[in-house]
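See below for the structure under consideration.
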DNA sequence: AGAGTTGGTTTTGTTTTGCAACTCGTCTAT
DNA sequence: ATAGACGAGTTGCAAAACAAAACCAACTCT
């Protein structure tokens, strides 16, 4: 039995980064969350080259983040919609937006403001401890080795 | 006075994406959060080419996310540490990790497990409504146009 | 004196992007 | 019926980003 200091090659962060960790893909996702669904609209709003956009959309579909569905035949047309897996990226996108608004663009950069449908409160969701519900930041949490930190037999 | 549907060119998400939204930078940040500080260690753990790593470290320092400080002279040596601005990226990195663990790598990919120092609860922080404290997801929130959605006079 | 460590920079290819032009099937106006 | 126009891409080429390896500098250790 061998213990490796860290199993970085199978890191979940790296896995995610290799799927959505490039500027172009993030722009596409931003549009998706803003309910954009059509190729042309994606292209106009992101300003990406059409081939790159086509490539990214296909990759996102391949990864199960977007779903390509026909919304009319006759002129056959498709739209791209977030799947549940895609919707689960929300906290990440939100985080990026928040951080950018805080440090880079200021309030002027907040494209959308969020309101909680249930209680009506306006503002961005915060990270909270799953146990006690208190708001937390990086320094409030302690990192323990996770399961990926242990290597199987050599 | 002209209203533009969306002021995407000054989007805070895009700003953030252009700073940390590439695979290499994310890998560097992962290491930073794992308390890695030296060039060589970054290089070994991320597997990045040395020139690229040097470039990214410089960029992160330039953006105020990392701080380059001398930790010894005689052989003059520097280390790279997260600033407060860098620490504030925590929710994003956490989000990436979570999502990857859920959809890509499974539990095997969780390099670290987190424990709340204050209450001892183990698990990942959740997004909660700033008003009522209830856990929220994308569909619980409603998007209203933010300040960036308004264009100045044409 | 020679080998090894740390922290880079330079050089040289390879891969990825971006841009523009082009295709293809269909619709629309004349 | 005929000439655009549109949506959704594909193709070809130049420019930029990336990776690999060599090189350099300042020390330390033996």
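Protein chains in written order, with the working numbering: chain G, 126 to 279; chain V, 126 to 279. Even glycine gets a Cβ: it sits at the ideal position worked out from N, Cα and C. Owing to the predicted nature of the structure, the values given are computational and were not obtained by experimental measurement.
- The three-state reading of DSSP puts residue 260 of chain G in strand, counting E and B together.
- Residue burial is scored here from C-beta neighbours: residue 247 of chain G has fewer than 16 other C-beta atoms within 10 angstroms and is therefore classed as exposed.
- A Cβ-Cβ separation of about 6 angstroms places residue 137 of chain V in contact with residue 229 of chain G under the 8 angstroms criterion.
- Put simply, the CB of residue 205 of chain V is far from chain G, with every gap to its CB atoms at 8 angstroms or more.
- Just so you know, the alpha carbons of residue 214 of chain V and residue 220 of chain G end up roughly 8 angstroms apart.
- For the segment 248-261 of chain G, the set of residues with a beta-carbon nearer than 9 angstroms to any beta-carbon of chain V comprises 248, 249, 250, 251, 252, 253, 254, 255, 256, 257, 258, 259, 260 and 261, in chain order.
- Within 8 angstroms of the CB of residue 187 of chain V, no CB atom of chain G is found; the nearest one sits about 13 angstroms away.
- Between the alpha carbons of residue 191 of chain G and residue 184 of chain G lies a gap of roughly 9 angstroms.
- Taking 8 angstroms as the cut-off, the beta carbon of residue 167 of chain G is found closer than this to the beta carbon of residue 153 of chain G.
- Rounded to whole angstroms, the separation of the alpha carbons of residue 210 of chain G and residue 198 of chain G is 27 angstroms.
- No Cβ-Cβ contact shorter than 8 angstroms links residue 175 of chain V with residue 267 of chain G.
- Counting the other Cβ atoms within 10 Å of the Cβ of residue 243 of chain G gives fewer than 16, which makes it exposed.
- In this structure residue 143 of chain V is in contact with residue 148 of chain G, their Cβ atoms being roughly 6 angstroms apart against a cut-off of 8 angstroms.
- An exposed status is given to residue 195 of chain G, since fewer than 16 other beta-carbon atoms sit within 10 Å of its beta-carbon.
- Listed along chain G, the residues sitting closer than 7 angstroms to residue 216 of chain V by beta-carbon distance are 220 and 252.
- A distance below 8 angstroms separates the beta carbons of residue 216 of chain V and residue 252 of chain G.
- Residue pairing from DSSP places residue 247 of chain G in a beta bridge opposite G/240.
- About 5 angstroms separates the beta carbons of residue 150 of chain G and residue 181 of chain G, which is inside the 8 angstroms limit, making them a contact pair.
- Identification of chain G residues near residue 208 of chain V by a Cβ-Cβ cut-off of 7 angstroms yields none; the smallest Cβ-Cβ distance measures about 10 angstroms.
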